[in-house]
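Read in order, the letters of the sequence shown correspond to residues 1 to 500 in full-length UniProt numbering.
Ideal Cβ placement from N, Cα and C applies to all residues, glycine included.
For reference, the structure discussed in these notes is given below.
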Amino acid sequence: MTPDAKERRERQKFYDEIQSYPTANHKLYMINTERGRRSVFYNPPQPGYNALESYQYATRTAYKSEPETEELPEVSSDILSAVEEIIVAQSSAFDSRSKMNDILEPAPIPITSTNFPGSFEGYSFEPSAEVFHERTRAQHVMIAIINALRCLLALSDNFTLEQARLEAFWEHHRYRTNKKDIDHFSPMLQYAGQADLLISTPIPLKPLVAADSEEVYSLDFPQYDYYPEVQGWQEKERHLVSTVGYWPECRNFPLVIADDMNKVLTTTGDPSLSTESFQSSERRNRLLAAHGLLSNFACAVATAYTHGFTLYHEITYPIVSQCIISDGQQWHFSRLQLNTLAFGADFNQDRQNLAWSSNEMKLYDTVEDGKVKGLNQNVIAKIIATLTATREPIENPSPYVDLDAEKEFLDRGTRCWRHMASRRFNLGEYLEKEIPMWAKIYKMHPDALPSPHLKWERQKYLHMRQYNKKILDMEMKVLSDARKQKRRERLLYGLHLKSA
1 MTPDAKERRE
11 RQKFYDEIQS
21 YPTANHKLYM
31 INTERGRRSV
41 FYNPPQPGYN
51 ALESYQYATR
61 TAYKSEPETE
71 ELPEVSSDIL
81 SAVEEIIVAQ
91 SSAFDSRSKM
101 NDILEPAPIP
111 ITSTNFPGSF
121 EGYSFEPSAE
131 VFHERTRAQH
141 VMIAIINALR
151 CLLALSDNFT
161 LEQARLEAFW
171 EHHRYRTNKK
181 DIDHFSPMLQ
191 YAGQADLLIS
201 TPIPLKPLVA
211 ADSEEVYSLD
221 FPQYDYYPEV
231 QGWQEKERHL
241 VSTVGYWPEC
251 RNFPLVIADD
261 MNKVLTTTGD
271 PSLSTESFQS
281 SERRNRLLAA
291 HGLLSNFACA
301 VATAYTHGFT
311 LYHEITYPIV
321 SQCIISDGQQ
331 WHFSRLQLNT
341 LAFGADFNQD
351 RQNLAWSSNE
361 MKLYDTVEDG
371 KVKGLNQNVI
381 AKIIATLTAT
391 REPIENPSPY
401 VDLDAEKEFL
411 DRGTRCWRHM
421 ASRRFNLGEY
431 LEKEIPMWAK
441 IYKMHPDALP
451 SPHLKWERQK
461 YLHMRQYNKK
471 ILDMEMKVLS
481 DARKQKRRER
491 LLYGLHLKSA
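Rendered as structure tokens:
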């Protein structure tokens, strides 16, 4: 047996071990236990011009535009009047507060959240007060319209969550290295974001395309395999976390996620970015489609994890996710069908995911004298079609989940995974990797003189480091194996658990 075959067999044993654990908490915890806190590529903070091709390749997704001749439901007069009242109320509330120079406070509308949006990261220019004002207005109008339509349509079997934490990780089998772009490697990718509104349901959405159709096996997504950091992905050392706004015990399915459009389109004060080419409709649609694709993919992947699937075990049915992006006036709609999740190097890459998105649509023109001018009924009908999308129950949605295991073992899995998913600062792990600067200069630098009598000590509970790289790697492996064994004992036997 060749060395590659032996390594493949060892990896398969680990995959089988992960599958044998009863819940998603145990599976995710043991994946991080085996992998440790290692390098992972995070999604770009702001999508670039080629983000659509980059995200398509990273997620193995074929993208198409939705047909403009789509059949939409009829909009009643009650719904039209309700939407007009919301637009007028939100507009007048923010206009009056702007005149009072109090624009940084959320509007006094009890139907929406009062959480103030986070800071804009990654820019050298601080956003002005008007930027924060428009962003708060967009969130309030979008969430108020969606919530009002939910009430008018009597959608009582769904759950809403504002400012939902949305994270997911997956492995890609082929990216170029950052050296000569000749060799390839399999990076671990992580999406970390926050949805302004998440609506979930116990019954999943009906697949848009049959799982065995030719479209799923066509593999016509672009080959954009450049080094991830070149495309804006940020390399960090983190644990892998997957969550869709709630813990894995609540195994719901996504109905729709809603995001503020100002998250996607640049809102910095840099005048060089405020050009006509940057604000063109073609570029805006590309950025919105890229954000919707990646958000939908992360939502679907995180949902698959909550139902017991992992990046080592393929999903047994398609998972559909929908996304709405809006600033209150402009609206964008996208959908994604997750057909494959396990596309690492050890698995068959014979399937692809499918994504669709619409062009940017304008809900209304202006608000004058307390009346809405140019209200577009097609946008309202599109929102209704998204909220009332066809759902289809599944006979066994969680085939790899076993809730009949010992209760104490299930509780330990929940406790261990929640502690790891919180990403709390671990001083011990950072101290193990810390090397004093004088040791780097006088002992590890290639130009340093031989110093066999020069010694330096670590803490008593850590091993002593040597300047020899082979010995250093060996001691790091010993520390990693000891930490791995300790975490296994914590989950399997309840050892090393701190008092609650």
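7 angstroms CB neighbourhood of residue i in its chain, flanking five on each side removed
| i | result |
| --- | --- |
| Gln337 | Pro207, Leu208, Val209, Pro318, Val320, Asn353 and Leu354 |
| Arg11 | Asp346 |
| Tyr226 | Arg176 |
| Asn32 | His239, Leu240 and Met420 |
| Gln349 | His173 and Phe343 |
| Glu215 | Val209 and Leu354 |
Proximity below 7 angstroms, CB of residue i to CB of residue j
| i | j | result |
| --- | --- | --- |
| Pro222 | Glu53 | yes |
| Tyr175 | Ser242 | no |
| Ala168 | Ile86 | no |
| Leu311 | Ala342 | yes |
| Gly494 | Arg412 | yes |
| Gly172 | Leu155 | Rather than Gly, the amino acid found at residue 172 in this sequence is His. No; because the gap between Cβ atoms is not below 7 angstroms, this pair is not in contact. |
| Ala302 | Val379 | no |
| Asp16 | Ala138 | no |
| Ile145 | Leu197 | no |
| Lys236 | Tyr42 | yes |
| Tyr400 | Gln56 | no |
| Leu152 | Ile199 | no |
| His496 | Arg490 | yes |
| Ala51 | Ala258 | no |
| Gly232 | Gly48 | yes |
| Pro393 | His307 | no |
| Ile325 | Leu288 | yes |
For residue i, three-class secondary structure by DSSP
| i | result |
| --- | --- |
| Glu408 | helix |
| Trp331 | strand |
| Gly193 | strand |
| Glu429 | helix |
| Gln352 | coil |
| Met474 | helix |
| Ser213 | coil |
| Leu198 | strand |
| Pro108 | Confidence in Pro108 is poor, its pLDDT being 37 and thus under 50, which makes the residue's placement too unreliable to answer from. |
| Val75 | coil |
| Ile143 | helix |
| Leu208 | coil |
| Asp183 | coil |
| His313 | strand |
| Ile325 | strand |
| Gln279 | coil |
| Thr2 | coil |
| Ile319 | strand |
| Thr366 | strand |
| Val401 | coil |
| Leu341 | coil |
| Thr414 | helix |
| Thr306 | helix |
| Thr160 | strand |
| Arg458 | At Arg458, the pLDDT of 44 sits below 50, so the modelled position is not reliable; the number obtained from the coordinates is stated separately. Arg458: coil per DSSP, three-state reduction. |
| Leu336 | strand |
| Val264 | coil |
| residue 572 | Given a span of 1 to 500 for the chain in the structure shown, any question on residue 572 remains unanswerable. |
| Tyr493 | coil |
Cβ-based neighbour list, residue i, same chain, cut-off 8 angstroms, excluding 5 preceding and 5 following
| i | result |
| --- | --- |
| Arg423 | Arg238, His239 and Val241 |
| Asp220 | Ala62 and Gln352 |
| Ser76 | none |
| Ser480 | Gly36 |
| Thr388 | Pro73, Leu153 and Leu155 |
| Gln330 | Met261, Glu360, Met361, Lys362 and Leu363 |
Close-in-space but distant-in-sequence residues of the same chain around residue i (CB under 6 angstroms, 5 per side omitted)
| i | result |
| --- | --- |
| Ser113 | A caution first: Ser113 carries a pLDDT of 33, below 50, which makes its placement in the model unreliable, though a value can still be read off. Excluding positions up to five away in sequence, the list reads Glu162. |
| Ser358 | Glu66 and Phe333 |
| Asn25 | Pro248, Gly413, Thr414 and Trp417 |
| Asn101 | Residue placement at Asn101 is flagged as unreliable, the pLDDT there being 49, under the threshold of 50; a coordinate-derived value is accordingly withheld. |
| Asp365 | Lys373 and Gly374 |
| Asn158 | Ile199, Thr201 and Leu255 |
| Ala448 | Tyr442 |
| Gln377 | Val75 |
| residue 507 | Because the chain here runs from 1 to 500, residue 507 falls outside it and cannot be looked at. |
| Ile315 | Ala304, Phe309 and Leu341 |
Minimum Cβ-Cβ distance from residue i to chain D less than 7 angstroms
| i | result |
| --- | --- |
| Ala164 | Of the chains in the structure shown, none is chain D; there is only one protein chain. |
**Request:** Run through the region 13-67 for me and flag every whole beta strand (DSSP E) of 3 or more residues, listed as ranges in chain order.
**Result:** 38-42 and 61-65
**Message:** Is it the case that the region 376-384 contacts the region 247-255, given that we only count it when at least three CB pairs across the two stretches are under 8 angstroms?
**Reply:** no
**Asked** If you scan the region 222-255 from start to end, which runs of the alpha helix (DSSP H) of 4 or more residues do you find wholly inside it?
**Response** none
**Request:** Determine contact between the region 280-298 and the region 190-200, defined as no fewer than three beta-carbon pairs at a distance below 8 angstroms.
**Result:** yes
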